[in-house]
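Encoded as C-alpha cells, the structure appears first; notes follow it.
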Ligand SMILES: [Zn+2]
Ligand SMILES: [Zn+2]
C-alpha cells in the first residue's frame, strides 16, 4: 500500500529500514500472511515471494509491510507483517472502507451539509 499523504507524518523516520528488515531478514522475501487477509485462497502461509509470480493471479509479487492494527506509529515487530500486495490490500480493505466513510461524514458535518439527524440539506 502506498503511504497515504495524510499518514506520512505518522510513520517513524526509520520506517524504510524497519520495513526492509521485516521483508528481507524476517520474512526472507516471502509473504508472512497466515490467513489474516481473509481471502481464503491460501492455506497456511501465503506462498508469494517478492518478485515472483503471484499465487492465483500470476502478476508480479511486491512484498509490503502491513500494520496488523492499522496504526502507522505502531512499529513493533509483533504488529508488522510482511505481506504481498494481494494479502495486504485484502487485509486493509474493510479498514479503508471504514476510514473513507468516516472521513466523508466528518467533511460533510464540517461543511454543514449534514445536520444532527444525519440528513443532508
Ligand atoms: Zn500473501
Ligand atoms: Zn493472505
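Numbering (the numbering used here), first residue to last: 3 to 123.
Backbone N, C-alpha and C define an ideal beta-carbon position, used for all residues, glycine too.
The structure presented is a predicted model; accordingly, all values stated were derived computationally and were not measured.
Check, Outcome
"Classification of residue 66 by the beta-carbon crowding that lies within 10 angstroms, buried from 16 upward", "buried"
"Which listed residue (42, 79, 38) has its alpha carbon closest to that of residue 19", "79"
"Residue list, Cβ distance to ligand 2 heavy atoms smaller than 5 Å", "35, 39, 48, 89"
"Cα-Cα separation, residue 82 to residue 109", "31 Å"
"Proximity winner among 71, 52, 68, relative to residue 62 (alpha-carbon distances)", "52"
"Neighbour-count burial assignment, residue 5, 16 or more Cβ in a 10 Å radius", "exposed"
"C-alpha gap between residue 34 and residue 46, whole angstroms", "10 Å"
"Where residue 66 falls: helix, strand or coil (DSSP)", "strand"
"Close beta carbons around residue 101, own chain, < 6 Å, minus the five adjacent residues each side", "none"
"Counterpart residues of residue 32 in DSSP-defined beta bridges", "51"
"Where the beta strand (DSSP E) containing residue 89 begins and where it ends", "Unbroken run through residue 89 is the alpha helix (DSSP H), 87 to 112; no beta strand (DSSP E)."
"Nearest to residue 96 (by Cα), restricted to the options 73, 39, 24", "39"
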